[in-house]
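Residue numbers (the working numbering): 59 to 647.
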């Protein structure tokens, strides 16, 4: 590994990625509701960054771990840099909505109004709605330092209410904003005029505190550590361990407090005290707290304010099961989603489930969604008497509960279900179909960069490959044996597999290109990836740049390589594509 100055910091590079997402919300040429969606994505990314990455750094510090990052920074130094940069991005996000998007929405007759700006008729109707739909499900809880503080759940919106009690002075209470009703409450039927539910609650607080004076209230939001931990030595029953970890996740330590800038210093100090946070872990926000609400607005049925509908291409040769198998036998088939339809992938599994010649199916599942045609086909295949083996990755972050549901359903149907390794995630996406054709069994394989999920297949760019190449099919078969039987194989004919082979295989190919360039002067390297973090791969690319090979890297997210540095990477160009679709395909040329 080279000197620290050769690398960019992983965490700060991630913040720059989220800044590019925010830039799409700022881009006036994007459709208006899509700009709102980018704000919602920015918020979701921001939350996950704190729940996983920041919480991990905090845990390192608490445990006395001083692991230095490749760029030479300790966990404390990284946290300090994050604390300087992250609030600036969050402030930009509020500004783009308040200064730009809000007025653009108003021009299109879409408003988020203040309760105080409504007419008496409108407030009367909203009060009726409050009494009927909201008041019964809200619970005021006292906040007293001497008493047990009620648990404040991750990412929840809460009102901190200041009360004056005759003869007893001031006190504080907390009301959690309910999530079982939409956060946007329509003001007038048939119109896109809304108020936020917390605004409605805040203006009807007297209903909760009879005999007390409500002096003021302020919204706040807490982000907690949400990294699921699987203790390897205790994971004899992985399902029970994951279920227990999911239950414990909601009790993770607070890592961030979001408050309005107008919150009084005393109230802020009290919240910091009960959450055990310091000043660097508090964001003061001018604007809407919890910008995930913009996803509700982005879902309005207003086609003129959205991207035009994309109709994926479907080849006739892939339209039916028999035609699909015939096409794969003729040559490999590459699909580029979402421009190519995901239906052939679903059809591949559905046809295998009902094809009399198919004797077995093997599949990996990572994120499949709450409704999954592919899982339904696997269940049908088992019902039809076929041998079905499925690896369900229980540790797919924030999809653990959904994957547990599918795993149990598959097991009940008689499918051979395994759950991978406790110490690593099974991230590969593969399906292997064994089909009897005459006197032999032919294996058909599908491999892809995307999940077996029809929803994300419309939103992510991914590459999928169908093949019945003998070597590839044998590799895939042996990989399944590793996943289900835990064999120690790590060398294959054509497929690069991590851990144990992918990194070395990529580095070997970079070195091979260096050799080609030395003899022909025609070396060329192009990567497309989600992130580029591995120092060994980065060092190999630096070496290739040093001999004059032109290198283009299309890296959507984190990139720790420093491009364009004289004597190090002057021949490397790094691009990041952030736009309508989430760039998810990985290609190495």
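Virtual Cβ for every residue (Gly too), placed ideally from N, Cα, C.
This one's a predicted model, so the numbers in the text were calculated from it and none came from an experiment.
Can you tell me which residues form a DSSP beta bridge with residue i?
| i | result |
| --- | --- |
| residue 418 | 445, 492 |
| residue 314 | 281 |
| residue 506 | 487, 522 |
| residue 413 | Per DSSP, none; premise fails for residue 413. |
| residue 220 | 230, 274 |
| residue 209 | Answer is none; residue 209 lacks a bridge partner. |
| residue 309 | Paired residue(s): none; residue 309 is not in a bridge. |
| residue 342 | 317 |
Tell me whether residue i sits in a helix, a strand or coil according to DSSP, three-state version.
| i | result |
| --- | --- |
| residue 371 | strand |
| residue 358 | coil |
| residue 628 | coil |
| residue 581 | coil |
| residue 620 | coil |
| residue 435 | helix |
| residue 471 | coil |
| residue 353 | helix |
| residue 394 | strand |
| residue 587 | strand |
| residue 641 | strand |
| residue 173 | helix |
| residue 60 | coil |
| residue 291 | Low per-residue confidence applies at residue 291: pLDDT is 40, beneath 50, and the placement is therefore not dependable enough to give any value. |
| residue 500 | strand |
| residue 567 | helix |
| residue 386 | helix |
| residue 407 | helix |
| residue 455 | coil |
| residue 105 | helix |
| residue 695 | The shown model of the chain, from 59 to 647, leaves out residue 695, and the question about it has no answer. |
| residue 111 | helix |
| residue 168 | strand |
Tell me where the alpha helix (DSSP H) around residue i begins and ends.
| i | result |
| --- | --- |
| residue 80 | 68-84 |
| residue 156 | Where residue 156 is concerned, there is no enclosing alpha helix (DSSP H), given that its DSSP letter is neither H nor E. |
| residue 597 | 593-604 |
| residue 511 | Element bounds for residue 511: n/a, residue is neither H nor E. |
| residue 530 | 528-543 |
| residue 160 | 160-165 |
Tell me the rounded alpha-carbon separation between residue i and residue j.
| i | j | result |
| --- | --- | --- |
| residue 180 | residue 262 | 14 Å |
| residue 532 | residue 551 | 8 Å |
| residue 340 | residue 351 | 21 Å |
| residue 406 | residue 140 | 46 Å |
| residue 416 | residue 197 | 57 Å |
| residue 621 | residue 609 | 10 Å |
| residue 392 | residue 516 | 16 Å |
| residue 224 | residue 111 | 47 Å |
| residue 316 | residue 279 | 5 Å |
| residue 425 | residue 129 | 33 Å |
| residue 571 | residue 585 | 13 Å |
| residue 290 | residue 465 | Confidence at residue 290 is low in this model, with a pLDDT of 48, below 50, so its placement is unreliable and the value that follows should be read with caution. When rounded, the distance between both Cα atoms is 20 Å. |
| residue 657 | residue 107 | The question about residue 657 has no answer, for the chain in this structure spans 59 to 647. |
| residue 292 | residue 557 | Bear in mind that a pLDDT of 43 at residue 292, under 50, signals an unreliable position, so the model cannot answer this. |
| residue 535 | residue 477 | 17 Å |
| residue 89 | residue 468 | 42 Å |
| residue 70 | residue 383 | 47 Å |
| residue 449 | residue 246 | 50 Å |
| residue 178 | residue 221 | 26 Å |
| residue 242 | residue 255 | 6 Å |
| residue 470 | residue 314 | 42 Å |
| residue 366 | residue 190 | 39 Å |
Are the CB atoms of residue j and residue i within a distance shorter than 9 Å?
| i | j | result |
| --- | --- | --- |
| residue 472 | residue 447 | no |
| residue 171 | residue 252 | yes |
| residue 109 | residue 283 | yes |
| residue 113 | residue 67 | no |
| residue 394 | residue 643 | yes |
| residue 201 | residue 208 | yes |
| residue 588 | residue 613 | yes |
| residue 349 | residue 75 | no |
| residue 151 | residue 80 | yes |
| residue 264 | residue 275 | no |
| residue 592 | residue 638 | no |
| residue 539 | residue 427 | no |
| residue 83 | residue 73 | no |
| residue 91 | residue 490 | no |
With residue i as the anchor, note down where its beta strand (DSSP E) starts and where it stops.
| i | result |
| --- | --- |
| residue 201 | 198-201 |
| residue 132 | Unbroken run through residue 132: none, as it is neither H nor E. |
| residue 474 | 474-476 |
| residue 254 | 250-254 |
Report whether the distance from the Cβ of residue i to the nearest heavy atom of the ligand ZN is below 8 Å.
| i | result |
| --- | --- |
| residue 446 | Within the structure as shown, the ligand ZN is missing, as the structure has no ligands at all. |
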